[in-house]
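Participant:
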Ligand SMILES: [Zn+2]
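Numbering (this note's numbering), first residue to last: 297 to 490.
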């Protein structure tokens, strides 16, 4: 909890958009206190929008390798992911629509992107306690992890070369479409292995 208001989420057409298009810097173990502070800032920034899938540090203007995500959009399941890497498990891909706060919070443009993602991945990262984590993710958890990982590489979903971008004429139209996407996502809410 912080006394200051949460940092605003920056969008792909804002003056700070270059941060969303910049590769982030990882943390050293000595910098873990800094990572924890950013994790709090991420949680504070995302809380008004919960239930939500995740948020990466560049989206609040911080070009560091950290994001938070929830495998089922439940705030109780938010996890902190520091310095992540992933490798595909198998070759199965799933194509699905993705919303991104840095796109849909724009007041000028309303877009979603359909992107092929690996169905199953092995991830490695540091958790909020600085412990090394290695686990397999599949379904929605894998989809979100890959989306947030892209943010740390300086890539927004609509900028990916393999994205099919759909533009809407209003936020309301986008929200209606996104609700159907969330219903589909909910069929793939696989809890990560402990
Ligand atoms: Zn995003």
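Glycine included, each C-beta is placed from N, C-alpha and C at the ideal position.
Going by DSSP, what residues sit across from residue 408 in a beta bridge?
Facilitator: Residue 408 sits at position 112 when you count from the first residue of the chain shown. Its beta-bridge partners are 462.
Participant: Does at least one heavy atom of ligand 1 sit under 7 Å from the Cβ of residue 466?
Facilitator: The residue you call residue 466 lines up with position 170 of the chain shown. Not under cutoff, so the answer is no.
Participant: In whole angstroms, what is the alpha-carbon distance linking residue 407 and residue 431?
Facilitator: Locating residue 407 in the chain shown gives position 111, counting from the first residue. Locating residue 431 in the chain shown gives position 135, counting from the first residue. Between the C-alpha atoms of residue 407 and residue 431 there is a straight-line separation of about 32 Å.
Participant: Just to confirm before moving on: does the CB-CB distance between residue 328 and residue 356 stay below 8 Å?
Facilitator: Reading the chain shown from its first residue, position 32 is the one you call residue 328. Reading the chain shown from its first residue, position 60 is the one you call residue 356. For the pair residue 328 and residue 356, the CB atoms are not nearer than the 8 Å cut-off.
Participant: How about residue 361: is its Cβ closer than 7 Å to a heavy atom in ligand 1?
Facilitator: Position 65 of the chain shown holds residue 361. No, ligand 1 has no heavy atom inside 7 Å of this Cβ.
Participant: Is residue 436 near ligand 1, judged by its Cβ being under 7 Å from some heavy atom?
Facilitator: By one-based count along the chain shown, residue 436 stands at place 140. No, since every heavy atom of ligand 1 falls outside the 7 Å radius drawn around the Cβ of residue 436.
Participant: Do we get a CB-CB distance below 8 Å when we pair residue 372 with the residues of chain B?
Facilitator: Protein chains in the displayed structure number just one, and chain B is not present.
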